[in-house]
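**Q**
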Amino acid sequence: MNKELETQFVKEHIDKARQSRLLLELADERRRKSALDRFAHGTEDILKSQPKTFEVSQLAGMIRDLAQRSQLYVISSAHLDGAVMSADEVTAYLEEVGEPTIVLSQATGAAIIKPETYGRRTFYYLSPKQVRN
Numbered sequence: 025m026n027k028e029l030e031t032q033f034v035k036e037h038i039d040k041a042r043q044s045r046l047l048l049e050l051a052d053e054r055r056r057k058s059a060l061d062r063f064a065h066g067t068e069d070i071l072k073s074q075p076k077t078f079e080v081s082q083l084a085g086m087i088r089d090l091a092q093r094s095q096l097y098v099i100s101s102a103h104l105d106g107a108v109m110s111a112d113e114v115t116a117y118l119e120e121v122g123e124p125t126i127v128l129s130q131a132t133g134a135a136i137i138k139p140e141t142y143g144r145r146t147f148y149y150l151s152p153k154q155v156r157n
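Sequential numbering from 25 applies to the sequence shown in our numbering.
1. Return the CA-CA distance between F78 and D69, expressed in angstroms with no decimal places.
2. In chain order, which continuous runs of the beta strand (DSSP E) of length 3 or greater are located wholly inside the region 56-84?
3. CB P124 to CB S101, shorter than 8 Å?
4. DSSP three-state call for L104: helix, strand or coil?
5. Determine the DSSP secondary structure at V127, reduced to helix, strand or coil.
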């Protein structure tokens, strides 16, 4: 786990009242999956800003945009949690996994992939410019 990058993401994108709890849960391997599940199902309430929702068909282009800044770091309850990957690797991974996933770049941009709901998978894309304090 990359505690520094995860902390940077939480401080930049998560509502101040929820930051401490999320950081504690992400740091604990036993609580990490439940934190991700809760995050995925309550994303709108947890984020500082309300990002636009995108269809998964738009995901590859946005993942490439994130990767232009740096390698990508994956937070997921699946087997690649904590992995550092290229845009192509992340896209292939996300096409096959149905778990809640957060993809981070060193520049703190993030794509948040929600689990499938009613036969539809969507994701949010956050960039540093979207954050409002």
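Built from N, CA and C at the ideal position, the CB exists for glycine as well.
**A** Quick look at the numbers:
1. One-based indexing of the sequence shown puts residue 78 at position 54. One-based indexing of the sequence shown puts residue 69 at position 45. Roughly 18 Å separates the two Cα atoms.
2. Taking only runs of at least 3 residues, the beta strand (DSSP E) segments lying wholly in the region 56-84 are 77-79.
3. Within the sequence shown, numbered from 1, the residue matching residue 124 stands at position 100. Within the sequence shown, numbered from 1, the residue matching residue 101 stands at position 77. When the beta-carbon positions are compared, P124 and S101 come within less than 8 Å of each other.
4. As a first step, residue 104 must be located in the sequence shown, where it is residue number 80. Residue state, collapsed to three classes: coil.
5. Counting from one through the sequence shown, the residue named residue 127 turns up at place 103. Three-state DSSP puts V127 in a strand.
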